[in-house]
Amino acid sequence: MKNVKEIVRLAFTQYLCSDNFIHFTTRVSDFAIEVLDLIKIYQKRRHEPVKAVNGISFEVRQGEIFGLLGPNGAGKTTTIKILTTLLAPTSGAARVAGHDVVADPLGVRKQICVVVQENAIELYLSVRNNFRTFGRFHGLTSREIEERTDRVTELFGLREYLNEKGLDLSGGLKRRVQVAKTFIVDKPIVFLDEATTGMDAFHKRATLEAIKEESRKGRTIVLTTHILDEAEELCDSVAIMNRGRIIARGSVEHVKAMSLRLLYLTLSLETVSQDVLQAIQERNPLNIDIKNNTIEVTVREATAALDVLAAVKQTGLLRHFEITSASLEDVFLQLVDKKASID
Amino acid sequence: MREVLAVVYREYLIRRTSPTWLFFDLAVPLLYLLMFGVAFDKALGHGLRIGEAIVPYNAFFLGGVLSMSSFGSAMNQSYGFFVDRDNGIFYEFLTYPMTRGQFLLGKILFQCVMAVVQCVLTIAAGTLILQIGIRWELLPFVFIGMTIGTAGWFFFLAIVAFRIRRNDTFNTVINVAYFVLMFLSSMFYPLEQVPSWLRAISCANPLTWQTDALRFLTIGLGSFSSFMLEAVGFGAFLLLSFWFAVRTLQKAL
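Chains as they are written, first to last, in the working numbering: chain X, 1 to 343; chain G, 1 to 253.
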């Protein structure tokens, strides 16, 4: 099913490109982004050098939503800064839309638009003029800007704020304006660094839907986020970074499978008796968590889950049960924790 | 060109929202000429003796006021980088589809227009209120001088702005530099009458070159050969500052 979805997406992408919907002016490649052995060392006077990015390699296919995940200080933002030509790498290579980030930074910038981690809007200009200036920088005509501003302000619920100055907006609204700006231009690659930070649930949802919609149109989206549910929902593939290195990468399903086959068994019981607890503990689960009449048991491998289930059923207190695999967040925590303990 | 004009458009929109900035850009040097210039003119009585000529202080000071307005405009504009940094927009700008050079040119182009407007106001006040005799035939060259001067000082100050992270440090450095550059130049007084060590330092100051050039173009003080020498010197200062500012901006993060 996934393959069929992929084929449809590629065909749709090619259709959009042929229709000049997105102006690809670079060589045709399967990959929108290629990163090879990238290293960034920050060297400050009177300080030890810091290796923020330590030899990472990955590729992002065209039209894909790619998530760069990791704890604070993992090197995600440094990587994004290199890919968006804000920083030069110490060594290694990176190509964005076929352009080398060091040799042809302007070529890269012509193919991307970026939501930087910092709140970045013109505080002294109205929301409308924020769109106007952004559109002009990206080569849109006044008419195109007005038309697209209408669509985007509707999508992001900004219509009533169009004449407000950036200075007078709340933090969440500023972020919304910043993200909305990127949707008025047709650049094939979009970088979103913690794009939904500070947004309320309603507009976060609208943003996620807009990202999905843009991806369906064939745009490649690279995002960093701390919110792993968001990544799980959006991303086709992810890379998990820790201490400058990539510790896992692949499709979300592939990365989740790296959880050493962790399973979560949720058991709803008539009552939590000693017999039930003893039956579970005898099977040496990885973790037991009791909440009222519900017990959550973490086990490794399906056979262990079935074994616990059978033992609890024998007590006659089981009402119903649910078996779930590890979430991206579980895998993330497990991998980052494991890596930390190795280091 | 589209990229440069996009930056100019943005600067125009921002300036339109800030009357204080507009006041500083357009009126402050003019007030300087009218208050400081008039006061000194009266105090000196018969004017300044420069070579064989006697020049009224108001006329002498006009070139100084014009370079002061160039420097002030450039200083204001370079401070704008800190405002952009505080707004976070500075980093977003650097991901827009334009070169660092186009970004810097766009930033100063609008300010150059402002400097020319300021120059028109100052010359108008000088001729109408203070009866300064202007070489009208050279007025277009005065405008070019104002543009080159403003751009040169902006690129120079941009280097400082990119290398300093804190705006309070930048303010201190720039104010001290402004003070030193102004008083170690021919802006307020003719260099013929100052101690030789001060004259030697002042002759190496690009603010002296700009002031002397503008003085030659407005009231005809000085020789053509020294005007050419100082104009070429300032041109080299502009190109060097631009090149260095672009390089510094590439490493500004």
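Heads up, the beta-carbon is just placed ideally off N, CA and C, and yes, glycines get one too.
Computed from a prediction, not measured in an experiment: that's the story for all the values here.
With distances taken Cα to Cα, identify the nearest neighbour of residue i among the options.
i: residue 312 of chain X; options: X:291, X:266, X:324, X:286; result: X:266
i: residue 228 of chain X; options: X:202, X:243, X:256; result: X:256
i: residue 190 of chain G; options: G:15, G:89, G:47, G:13; result: G:47
i: residue 64 of chain G; options: G:169, G:126, G:156, G:18; result: G:126
i: residue 71 of chain X; options: X:241, X:183, X:304, X:174; result: X:241
i: residue 211 of chain X; options: X:73, X:231, X:38, X:34; result: X:231
i: residue 290 of chain X; options: X:131, X:253, X:264; result: X:264
i: residue 209 of chain G; options: G:233, G:78, G:138, G:76; result: G:233
i: residue 305 of chain X; options: X:293, X:185, X:322; result: X:322
i: residue 218 of chain G; options: G:24, G:27, G:67, G:50; result: G:67
i: residue 209 of chain X; options: X:234, X:198, X:170; result: X:234
i: residue 117 of chain G; options: G:103, G:93, G:27, G:17; result: G:27
Identify, in the order they occur along the chain, each residue of the same chain with its Cβ nearer than 8 Å to the Cβ of residue i, setting aside the five sequence neighbours on each side.
i: residue 26 of chain X; result: Any reading at residue 26 of chain X must be qualified, since the residue scores a pLDDT of 42, below 50, and its modelled position is unreliable; the value itself is stated next. Within the same chain, residue 26 of chain X has close Cβ partners 97, 98, 99, 107, 111.
i: residue 60 of chain G; result: 47, 48, 50, 190, 215, 219, 221
Using a cut-off of 9 Å between C-beta atoms, extract the partners of residue i located in chain X.
i: residue 215 of chain G; result: The contacting residues do not exist; residue 215 of chain G stays about 37 Å from chain X at best.
i: residue 166 of chain G; result: Per Cβ cutoff of 9 Å: no residues; residue 166 of chain G is ~16 Å from chain X at best.
Could you list which residues in chain X have their beta carbon closer than 7 Å to that of residue i, in chain order?
i: residue 137 of chain G; result: Ordered by position in chain X, no residue passes the 7 Å Cβ test against residue 137 of chain G, which lies about 39 Å from the chain.
i: residue 125 of chain G; result: Near residue 125 of chain G there are no residues of chain X at all, since even the closest Cβ is about 30 Å away, more than 7 Å.
i: residue 94 of chain G; result: 86
i: residue 2 of chain G; result: 139
Quick check: residue i and residue j, are their CB atoms within less than 7 Å of each other?
i: residue 246 of chain G; j: residue 100 of chain G; result: yes
i: residue 272 of chain X; j: residue 285 of chain X; result: no
i: residue 190 of chain X; j: residue 221 of chain X; result: yes
i: residue 181 of chain G; j: residue 221 of chain G; result: no
i: residue 83 of chain X; j: residue 94 of chain X; result: yes
i: residue 167 of chain G; j: residue 123 of chain X; result: no
i: residue 204 of chain G; j: residue 227 of chain G; result: no
i: residue 211 of chain G; j: residue 185 of chain G; result: yes
Going by beta carbon distance, what residues of the same chain come within less than 6 Å of residue i, once the five residues before and after it are set aside?
i: residue 239 of chain X; result: 58, 68, 246, 249
i: residue 41 of chain X; result: 49, 51, 90
i: residue 236 of chain G; result: none
i: residue 23 of chain X; result: The pLDDT assigned to residue 23 of chain X is 39, lower than 50, so where the model puts this residue is not dependable; a value taken from the coordinates is nonetheless given after this. Answer for residue 23 of chain X: no residue qualifies.
i: residue 79 of chain X; result: 53
i: residue 58 of chain G; result: 37, 41, 130, 132
i: residue 11 of chain X; result: Per-residue confidence for residue 11 of chain X stands at a pLDDT of 49, beneath the threshold of 50, marking its modelled position as unreliable; the derived number appears in the next sentence. Taken in chain order, the list of residues that qualify is empty.
i: residue 196 of chain X; result: 204, 207
Please report the residue range of the beta strand (DSSP E) in which residue i lies.
i: residue 34 of chain X; result: 31 to 42
i: residue 142 of chain G; result: Run containing residue 142 of chain G: none in the beta strand (DSSP E); it sits in the alpha helix (DSSP H), 139 to 163.
i: residue 264 of chain X; result: 262 to 269
i: residue 296 of chain X; result: 294 to 300
Under 8 Å between beta-carbons, which chain G residues line up against residue i? List them in chain order, please.
i: residue 35 of chain X; result: Going along chain G, no residue has its Cβ under 8 Å from residue 35 of chain X, so there is no contact; the nearest lies around 17 Å.
i: residue 133 of chain X; result: 6, 9, 10, 13
i: residue 109 of chain X; result: 95, 96, 97, 98
i: residue 138 of chain X; result: 96, 97
i: residue 106 of chain X; result: 97, 98, 99
How would you list, in chain order, the residues of chain X whose beta-carbon sits under 8 Å from the beta-carbon of residue i?
i: residue 91 of chain G; result: 86, 116, 118, 120
i: residue 18 of chain G; result: 124
May I ask which residues mark the beginning and end of the alpha helix (DSSP H) holding residue i?
i: residue 338 of chain G; result: In this structure chain G extends from 1 to 253, so residue 338 of chain G is not present and cannot be described.
i: residue 192 of chain G; result: Element bounds for residue 192 of chain G: n/a, residue is neither H nor E.
i: residue 96 of chain G; result: Note, residue 96 of chain G: premise wrong, no alpha helix (DSSP H); not H, not E.
i: residue 6 of chain G; result: 2 to 16
Short of 7 Å in beta carbon distance, which residues of its chain neighbour residue i, apart from the five on each side in sequence? Order them along the chain.
i: residue 248 of chain G; result: 159, 162, 163
i: residue 150 of chain G; result: 70, 73, 74, 108, 111, 112, 115
i: residue 239 of chain G; result: none
i: residue 161 of chain X; result: 127, 169, 173
So with CB distances below 7 Å, who are the chain G contacts of residue i?
i: residue 277 of chain X; result: Near residue 277 of chain X there are no residues of chain G at all, since even the closest Cβ is about 53 Å away, more than 7 Å.
i: residue 293 of chain X; result: Residues of chain G passing the Cβ test: none, with the nearest at roughly 50 Å.
i: residue 129 of chain X; result: 13
In chain A, what lies closer than 8 Å to residue i by C-beta?
i: residue 88 of chain G; result: Protein chains X and G are contained in the structure displayed, whereas chain A is not.
In chain G, which residues lie with their C-beta within 9 Å of the C-beta of residue i?
i: residue 112 of chain X; result: 95, 97
i: residue 242 of chain X; result: Simply none; closest approach about 23 Å.
Going by the C-beta, is residue i closer than 6 Å to any heavy atom of the ligand NAP?
i: residue 144 of chain X; result: Judged by which ligands are present, the structure shown has none, so any question about the ligand NAP falls away.
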